[in-house]
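Novice: Quick note, our numbering runs 137 ahead of the 1-based positions in the sequence shown.
Using N, Cα and C, we set each Cβ at its ideal position, and we do this for glycine too.
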Amino acid sequence: MTTILGIRHHGPGCARSVVRALDQLQPDLVLIEGPPDADEWMQVAGDAAIKPPVALLVYDAAEVKHASFYPFAEFSPEWQAMRWAQRHGVKMRFMDLPCAHRFGLEAALQEEEGAESAEDAEATPDTPPMSHKSYTAYKSYVTTAPLSANPPAAQDAPTPANARSLTHDPILHLARADGYTDGERWWNDRVEERQDDADFFEAILTGMSALRTELALPEADLDLKREAWMRRGIREAEKSGAQRIVMICGAWHAPALVQPVKASEDAALLKGLPKTKVKVTWTPWSLERLTSASGYGAGVESPGWYAHLWEGGADLIERWITRAARVLRAADYGASSASVIEAVRLSTALAGLRGRPRPGLAETMEAMRSVFCQGDATPLSLLRKHLLVGEKLGVLPEGLPLLPLHEDIQQQQKSLRLKPTAGAVLLELDLREENGQARSIFLHRLEALHIPWGRKNGAPRGKGTFKESWTLKWEADLVLAIVDASRFGNTTAIAAGARLAEEAGKAERLEVLVELLETSLLADLPAAGAAIMAQVQAAAATGEDPADLLRAIPPLVRLARYGNVRKSDLDQVGLMVTGLAVRVHAELPGAVSGLDDEAAAELGK
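#1: Expressed to the nearest angstrom, what Euclidean distance is found between the alpha-carbon atoms of ALA274 and SER431?
#2: With which residues is SER552 paired in a DSSP beta bridge?
#3: List in chain order: all unbroken beta strand (DSSP E) runs of 3+ residues lying wholly within the stretch 389-450.
#4: Please report the residue range of the alpha helix (DSSP H) in which CYS386 lies.
#5: Taking the continuous alpha helix (DSSP H) assigned at SER346, which residues delimit it?
#6: On the criterion of 16 or more Cβ atoms from any shown chain inside 10 Å, does GLU764 qualify as buried, or is it exposed?
#7: Is DSSP giving VAL227 helix, strand or coil here?
#8: In the DSSP assignment, the beta strand (DSSP E) including TRP607 goes from what residue to what residue?
#9: Between ARG582, ALA575, LEU424, GLY450, which has its C-alpha nearest ALA559's C-alpha?
#10: Between which two residues does the alpha helix (DSSP H) containing SER473 stretch?
#11: Rounding to the nearest angstrom, what Cα-Cα distance links ALA667 and GLN574 in this structure?
#12: If GLU329 sits next to PRO149, beta carbons under 8 Å apart, how far is it from one beta carbon to the other, in whole angstroms?
#13: Determine, using beta carbons only, whether ASP174 and VAL415 come nearer to each other than 7 Å.
#14: Name the residue from GLU652, ALA664, ALA244 whose alpha carbon lies nearest to the alpha carbon of PRO691.
#15: According to DSSP, simplified to helix, strand and coil, what is ALA192?
#16: By a C-beta neighbour count over all protein chains shown, 10 Å radius and 16 as the cutoff for buried, is ALA451 buried or exposed?
#17: Give a yes or no on whether the C-beta atoms belonging to PRO557 and TRP611 are separated by under 7 Å.
#18: Which one of PHE603, GLU500, ARG369 has the shortest CA to CA distance from ARG322?
#19: Less than 7 Å between C-beta atoms, sequence neighbours within five positions excluded: which residues of the same chain meet that for ASN594?
#20: Which same chain residues end up closer than 6 Å to ASN325 when comparing Cβ atoms and leaving out the 5 residues on each side of it in sequence?
#21: Keeping to the same chain, check which residues put their C-beta closer than 6 Å to that of VAL395; ignore five residues upstream and five downstream.
#22: In the DSSP assignment, find the alpha helix (DSSP H) that holds ASP567 and state where it starts and stops.
#23: What's the C-alpha gap between VAL156 and ASP184?
#24: Give the single residue among ARG369, SER474, ALA314 whose Cα lies nearest to the Cα of LEU168.
#25: List the whole-angstrom C-beta distance separating ALA237 from THR413, where the pair is believed to meet the contact cut-off of C-beta under 8 Å.
#26: Short of 7 Å in beta carbon distance, which residues of its chain neighbour GLU503, apart from the five on each side in sequence? Order them along the chain.
#27: Tell me whether ARG239 sits in a helix, a strand or coil according to DSSP, three-state version.
#28: Near ARG145, which residues of its chain fall below 6 Å by C-beta distance, leaving aside the five closest residues on each side in sequence?
#29: Just grab the DSSP bridge partners of ILE141 for me.
#30: Name the residue from PRO164, PHE212, HIS523 whose alpha carbon lies nearest to the alpha carbon of GLY436.
#31: Helix or strand or just coil, what does DSSP make of LEU533?
#32: Should VAL219 and ALA245 be called a contact, given that it needs their Cβ atoms to be closer than 7 Å?
#33: Tell me the rounded alpha-carbon separation between GLU170 and ARG491.
#34: When you compare the CB positions of ALA230 and ASP176, do they come within less than 7 Å of one another, or not?
#35: Find out if the Cβ-Cβ distance for the pair GLU455, VAL481 is shorter than 7 Å.
#36: Would ASP197 and ARG381 be called neighbours here (beta carbons separated by less than 7 Å)?
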């Protein structure tokens, strides 16, 4: 017998209900919506040293850009199911369409639509797959948007309310039937913040079945294949001899897994699936990457609030508002104990006026705005980083198999005392000190490998070339960059030198070559620097465009200046600067005569 538990992928109420259901059902096999490619990695979830949020990374061994992250927080139902199975010695497996097939389908689709995709690529910039989409465009929202605002859709332009309610937020259909105007708030009230589990999963199944039947939304071919694969997996599990099977999946898929479908129909849908070779690893994740504002399709509005709900306790609201008061007091805003009591009372009153069973995130925020901030929402933006989202970065146990390059990076982070953090950290380096120069070299090597853990700031005033300023922030996507860079070598020194050499071989402009030469010097890669220097000299000798020669001079001058600190032999650079300056001085007057305004403006940049 198989029991289907429909859940929200990152829902504390769902997670709590899953644990209670597993305690009651005592299954001998737990199936979880996830990539079967990573089955052998599931056991890591039981390691006491692992601290969520973490994520499974599955990527195409041949095309790293084809990759998917599967994140888990402490309050994720799937994570709690894995932990339960580990504690009780119960077998568990992931049960979804393997990434080996999903990536194969993506590759086949790209091949079929090659001509059309090429035309689209000329009109619009490339965007990476949603599974590992960068959220740079949403960072300003995360830090500045009003707390009462709803985050913008990650991929789509605004649509009419009716279209959005049907296509983008089917849950809103149920919310309106229950007297709500917001699907997210309804789900929090009825699911994530409820106090009992009476007929919970049965109610979820009934509601999702009604939505899928009555709305009759178009189903993507990939989703149909995924559900067919899950049904086939359940049949195989039942034939294997397991007596009590529990399948945990997204609530939307639950009706498709209980409806009677012939095995032959699923087999026909799955016949001839293309396949690629994939690799799997665990990676630290961050709470920020679990937000819907980050562009994550299964994201939540406030991971910090959901983590607080998972902690539970009778004094849930009191502790939440008290934590907020501490953050505000640290920023010199008035938030006394008396104010905390008043804010708790006001949030409870607001919930009663709105007919809600108890205060939720909206009520607590409005109460704090009124009591702590005298109606001004601006100070509450301080809570987003420390409370609503959080700065937690997951921790993985030592000894996990990693790529050699990743191991080298971790070893150097430890030896240089550069700890990865989810929050931005300002780092000031004195290049006259041994440790400062070693840190600088390491960060420049990562920069050469396109692993942007550190971003270099402008030089501090009055510090000459002896100081560097960096901002460090460890993003989950950096693991994918490490995977991509691993093809160049197993250490940062070897890989960075090889990547610079490859880019220099493709460079067509003198300015680009000079920039690569500068990077090789700053990253202390003498072999790569010597090879690139020869290319720079050849390009400078044969270059005919005075504008290109002129743009190459500033980075060359920077190289000469850095030589005093880096102790590099830059006599050739000095001679090159002198030679280029003479050539530019002689050729530039003739090159700029008769220019129109547009060409003059371009040259003046």
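Specialist: Taking the coordinates as given:
#1: Any reading at ALA274 must be qualified, since the residue scores a pLDDT of 27, below 50, and its modelled position is unreliable; the value itself is stated next. Their Cα atoms are separated by approximately 8 Å.
#2: Listed as beta-bridge partners of SER552 by DSSP are no residues whatsoever.
#3: Entirely contained in the stretch 389-450, the beta strand (DSSP E) runs reaching 3 residues are, in chain order, 415-421.
#4: Element bounds for CYS386: not the alpha helix (DSSP H) but the beta strand (DSSP E), 382-387.
#5: 337-352 is the extent of the alpha helix (DSSP H) around SER346.
#6: Missing from the structure shown is residue 764; the chain here goes from 138 to 742 and no further.
#7: coil
#8: 604-609
#9: That would be LEU424, whose Cα lies nearest to the Cα of ALA559.
#10: Premise fails: SER473 is in no alpha helix (DSSP H) and is neither H nor E.
#11: 21 Å
#12: So it is a contact: roughly 6 Å between Cβ atoms.
#13: yes
#14: GLU652
#15: strand
#16: ALA451 counts as exposed, since fewer than 16 other beta carbons sit within 10 angstroms of its beta carbon.
#17: Against a cut-off of 7 Å, the Cβ pair of TRP611 and PRO557 comes out as a contact.
#18: The shortest C-alpha to C-alpha distance from ARG322 to any of PHE603, GLU500, ARG369 is the one to GLU500.
#19: SER606, TRP607, THR608
#20: Excluding positions up to five away in sequence, the list reads GLY497.
#21: ILE141
#22: Where ASP567 is concerned, there is no enclosing alpha helix (DSSP H), although the beta strand (DSSP E) it sits in stretches over 562-567.
#23: 18 Å
#24: The residue among ARG369, SER474, ALA314 with its C-alpha nearest the C-alpha of LEU168 is ARG369.
#25: Indeed they touch by this definition, with Cβ atoms about 6 Å apart.
#26: LEU487
#27: helix
#28: CYS151
#29: Answer by DSSP bridge pairing, in chain order: MET384.
#30: Comparing Cα-Cα distances from GLY436 to each of PRO164, PHE212, HIS523, the minimum goes to PHE212.
#31: coil
#32: A quick correction: the sequence has Met, not Val, at residue 219. Not a contact, by the Cβ cut-off of 7 Å.
#33: Between the alpha carbons of GLU170 and ARG491 lies a gap of roughly 36 Å.
#34: With the sequence shown as reference, residue 230 is identified as Arg, and Ala is not the correct amino acid for it. Their beta carbons are under 7 Å apart, which means ARG230 touches ASP176 by this criterion.
#35: Taking 7 Å as the Cβ cut-off, GLU455 and VAL481 qualify as a contacting pair.
#36: no
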